[in-house]
Amino acid sequence: MPYVPLEWLREHVDVPSGTTAAQLAADLVKVGLEEERVVPPAVTGPLVVGKVLTREAKKQTNGKVINYCRVDVGEHNDAPGTGKEPSELPSRGIVCGAHNFDVGDSVVVCLPGAVLPGDFAISARKTYGHVSDGMICSERELGLGTDHDGIIVLEQWLATHGHEGEEPPAPGTNAIPLLGLGDEVLEINITPDRGYCFSMRGVAREYSHSTGARFTDPADGTDKGLYPHGIAPVGEDGFDVRIPDDPSPIHGRPGADRYVARIVRGIDPMAPSPKWMRDRLTAAGMRPISLAVDVTNYVMLDLGQPLHAFDLAKLHAPIVVRRAEAGETLAFLDDVTRTLDAEDLVISDSPVSEGSRALVLAGVFGGADTEVDEGTTDILIEAAHFDPVSIARSSRRHKLPTESAKRNERGVDTELAPIAAQRAVDLLVEYGGGEADAIATDVNRTAAPEAIVIRADAAERLTGVSYGVERVVELLESIGCAVESVGRDEAGGAGDRLLAVTPPTWRPDLVGAAHFAEEVARLDGYDRIPVIVPTAPAGTGLTPRQSARRDIVRALADAGLVQVLSYPFIGDVHDLLEIPADDPRRRAVRLANPLAEDAPYLRTSVLDSLVETARRNVSRGLGDVAVYELGTVTRPAGTVPTAIPGVDRRPADEEIAALNAGIPDQPTHLGAVLVGDRVRPGVLAQARAWDWADAIEVVRTVARALGVAVEVMAPEQPCNPWHPGRTAEVRLPSTRKGRGLLPGPVVGYAGELHPRIARALGLPERACAVEIDLEPLLEAAEAAGVLQVRAVSTFPAGKEDIALVVDESVTAAAVEAVIREAAGELAEDVRLFDVFRGPQLGEGRKSLAFSLRLRAKDRTLTADELAGVRKRVVKRAAKGLGAELRA
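Position one of the sequence shown corresponds to residue 16 (our numbering), numbered consecutively onward.
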């Protein structure tokens with residue numbers, strides 16, 4: 016993310032003195048530049064100039080020689096005789112291991128209470144037999160460089176940093192501003208469409224938009240302050256540069272449409288970068304390297320135009336901007352040789368003996384063959400405008416997210432290249448002692464931005480704020496747009512004026528009406544947009560299916576289950592669940608680019624991924640788990656693969672139909688896993704674990720929420736991963752066919768997991784689970800329409816208890832269904848309350864006792880009516896199920 020030093024920003028825009036980084040962040044966020052963090056000063060606390068008064072070298076028993084010094088630090092001195100150690104001079108005693116200084120030298124002293132880079136706090140401490148009441152600092156200790164061979168001697172340091180002849184400040188003077196260590200730096204977050212803000216020029220412009228402060232464009236080529244000699248003319252005597260018509264094989268655009276080359280000769284290879292430049296680069300998060308490299312980095316950070324410096328002696332004309340050959344290699348500046356792709360854009364030259372050679376991965380990273388080194392005296396500066404898509408793909412392909420690539424891939428100002436090159440040339444001439452060639456090379460094939468016609472009220476229609484035409488024009492012109500009125504919209508009406516808006520060259524992101532509307536809203540202030548909850552038009556809202564899903568979620572939450580959302584990607588879970596090889600659930604869609612190689616498939620059951628959620632909770636100490644998930648599964652049966660159409664046109668109806676046929680079915684399922692205690696032990700209750708009956712009750716809860724009846728019965732055959740004797744099969748209600756009943760379709764299973772499978776999954780014994788295909792239930796709920804609720808009867812209920820003896824193979828659900836059918840509308844509640852087996856009933860027989868609550872809505876039931884219900888129940892149960900009334 017870009018760093019914004021306040022001192023540097025003030026060079027381009029009027030920032031009031033005393034402005035803090037936090038205040039700057041508050042101003043910039045108004046125009047959409049968010050604060051990432053405020054970087055505190057590199058050094059805090061007392062850092063002062065000191066003058067060495069005495070120096071006493073002492074050899075230690077380990078052979079090391081240290082210096083005990085008395086240093087004058089002005090107002091921070093200890094009074095004579097009152098310091099940490101006795102002294103006749105007002106000073107401080109400091110132990111120092113460096114030897115590159117002597118008595119009388121001015122040094123930088125860090126006093127107790129200061130904090131150096133790396134959160135290194137300074138305090139007085141006893142060492143080598145003396146109390147060291149501070150520290151004499153080196154460049155590396157202060158974060159100014161890598162030199163740690165000796166401490167900073169200010170007389171020498173000032174001479175080598177552009178202050179030759181100046182005397183060091185008096186002892187006790189604050190050294191933080193002298194060394195450039197005192198400013199806070201704001202780090203901001205830039206969205207992809209605001210690439211121009213990867214420069215101080217762009218941030219200064221945005222600050223001006225936010226506050227109205229006066230902005231001075233550093234890219235104004237007519238500014239005689241920044242460009243005293245103007246911009247160099249272009250001529251045939253410049254360095255030969257060629258850009259072949261070499262469009263990308265992917266998107267058909269050329270790799271570059273502008274290339275500026277400037278030459279500076281006779282540079283002193285040992286000339287240091289000026290201190291102000293090094294300070295700014297350091298504050299902006301870049302490491303100073305050498306004058307040539309620092310100049311290109313500085314201009315890039317200042318103006319936003321990436322530059323590259325070639326050692327001219329290592330170049331062979333002409334420079335050619337071309338696509339890489341398949342298999343071509345390039346040795347980069349990081350000492351890594353990479354194989355290039357045919358889509359990569361490279362800068363090459365043409366040595367006679369070798370043929371064309373790739374020198375640079377254009378706009379991304381430099382090569383070693385033409386690197387500027389300590390012997391370079393002649394430099395060629397490159398400033399170009401490359402195709403953003405090519406740069407972005409090369410940067411990602413080779414994993415090189417460089418500062419240059421970040422700017423080039425977002426789009427650079429097409430008019431900036433000659434100005435940035437001139438700025439770099441001027442700096443090299445001024446600080447390197449070089450001489451610039453009078454003629455520049457500028458291969459320019461850029462096209463001016465085209466006007467876009469928009470409605471003047473486009474922003475108002477999107478935000479609800481009445482800006483007015485004059486305000487819209489004012490705001491668009493403030494960001495550099497040219498605005499012209501071109502008539503009215505044929506549709507007529509208020510606010511129908513049309514404007515032809517031509518975006519500036521530094522805003523390649525402005526390509527449509529919505530972008531200009533966003534700019535108007537942003538610059539006028541997002542806080543002016545009213546916060547109004549829109550009124551939903553009549554007849555809209557949640558669909559019946561959406562309402563039904565929400566009803567299910569609420570019902571299960573009320574029942575004590577926790578909703579979770581798991582990743583739908585699975586691996587070998589079907590092996591753990593022991594799904595048979597020929598089971599349709601084994602047929603899963605494999606992803607072409609899975610997030611994890613061990614989970615390349617899409618789930619065919621919610622339990623496929625939900626069991627992992629339950630296992631993770633159990634493994635982390637949460638033994639009581641009741642989780643559920645409502646989501647889609649993927650069933651690829653019946654899909655027909657098809658080719659993906661291109662993006663150059665709208666797909667034909669046949670292609671859309673083929674794409675739809677190639678999309679797998681994705682029904683909505685509900686899964687649940689119940690582990691541990693449903694009721695925890697305590698003073699008022701005994702522990703009760705989740706069991707298979709609770710799993711079945713989850714199914715009934717879902718059915719009640721939808722207003723759909725379901726039947727629960729034993730499965731016809733075992734089905735993994737379920738326990739063969741503690742699992743129920745859930746079906747839609749049976750339908751009458753002739754004199755018999757036709758079972759409804761299976762919609763799910765509920766019960767215990769097989770013990771072997773529970774162990775394989777890492778779940779406790781007696782773990783329970785549910786899997787329901789909600790599609791049939793939702794369709795039944797939609798078909799039933801609005802759930803009809805019976806009126807509450809004010810008449811008393813009648814109660815009957817009936818115990819029926821049936822074969823073991825007869826389920827309680829079948830008996831309940833017969834009872835409800837016989838009782839008809841009078842059956843308000845039917846509940847099984849006892850199951851009995853004994854020798855008096857006979858082998859293979861059981862007694863099921865049901866409690867009936869009967870009520871009529873318009874009368875009190877008589878004893879004869881209750882007896883009649885009882886007789887009908889017994890008769891129909893005997894006829895349909897072979898049941899007998901238990902005496």
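Where a beta carbon is used, it is the ideal one built from N, C-alpha and C, also for glycine.
- Taking residue 759 as the centre and dropping the five residues before and after it, the same chain places the C-beta of 746, 747, 748, 749 closer than 6 Å to its C-beta, in chain order.
- Where residue 588 is concerned, the enclosing alpha helix (DSSP H) starts and stops at 588 to 591.
- In the three-state reduction of the DSSP assignment, residue 783 falls in the strand class, which pools E and B.
- In the DSSP assignment, residue 643 is bridged to 578, 687.
- When only Cα atoms are considered, residue 897 and residue 643 end up about 40 Å apart.
- For the pair residue 622 and residue 786, the CB atoms are nearer than the 7 Å cut-off.
- Here residue 242 is buried: its Cβ has 16 or more other Cβ atoms, across all protein chains shown, within 10 Å.
- DSSP lists 768 as the bridge partner or partners of residue 737.
- In terms of CA proximity to residue 737, 770 leads the group 612, 581, 770, 728.
- Using a C-beta cut-off of 8 Å, the segment 451 to 470 makes no contact with the segment 299 to 307, since fewer than three inter-stretch Cβ pairs fall below that distance.
- When the beta-carbon positions are compared, residue 603 and residue 580 stay at least 7 Å from each other.
- Annotation note: the segment 73 to 130 contains the following uninterrupted beta strand (DSSP E) runs of length 3 or greater, listed N- to C-terminal: 80 to 87, 107 to 111, 121 to 125.
- Per DSSP, reduced to three states, the secondary structure at residue 447 is helical.
- Assignment of beta-bridge partners to residue 632 by DSSP yields no partner.
- One thing to note: residue 36 has its Cβ no nearer than 7 Å to the Cβ of residue 251.
- Considering only 216, 547, 674, 107, the residue with the shortest C-alpha distance to residue 661 is 674.
- The beta carbon of residue 125 is closer than 7 Å to those of 62, 131, 137, 149, 150, 152 in its chain, skipping five residues each way along the sequence.
- Residue 310 is positioned such that its CB atom lies closer than 7 Å to that of residue 439.
- In terms of Cβ geometry, residue 169 and residue 121 form a close pair [threshold 7 Å].
- Here the C-alpha atom of residue 881 lies approximately 8 Å from the C-alpha atom of residue 815.
- Residue pairing for residue 381: DSSP places it in a beta bridge opposite 375.
- The beta carbon of residue 348 lies closer than 8 Å to those of 380, 381, 382, 383, 386 in the same chain, with the five residues before and after it left out.
- Annotation for residue 455: no beta strand (DSSP E) segment contains it, and DSSP assigns it neither H nor E.
- Per DSSP, reduced to three states, the secondary structure at residue 503 is strand.
- In the three-state reduction of the DSSP assignment, residue 406 falls in the helix class, which pools H, G and I.
- Residue pairing for residue 331: DSSP places it in no beta bridge.
- Put simply, of 207, 60, 225, 175 the residue whose alpha carbon is nearest the alpha carbon of residue 189 is 60.
- With respect to residue 480, residue 543 sits close: the two C-beta atoms are nearer than 7 Å.
- For residue 204, the secondary structure class from DSSP, reduced to helix, strand or coil, is strand.
- In its chain, beyond the 5 residues on either side, 723 have a beta carbon closer than 6 Å to the beta carbon of residue 795.
- For residue 20, the enclosing beta strand (DSSP E) covers residues 18 to 20.
- Annotation for residue 352: the continuous beta strand (DSSP E) segment containing it runs 352 to 354.
- For residue 531, the enclosing alpha helix (DSSP H) begins and ends at 528 to 539.
- Boundaries of the beta strand (DSSP E) around residue 326: 322 to 326.
- Judged by DSSP in its simplified three-state form, residue 623 adopts helix.
- Nearest to residue 325 by C-alpha distance, out of 393, 260, 631, is 393.
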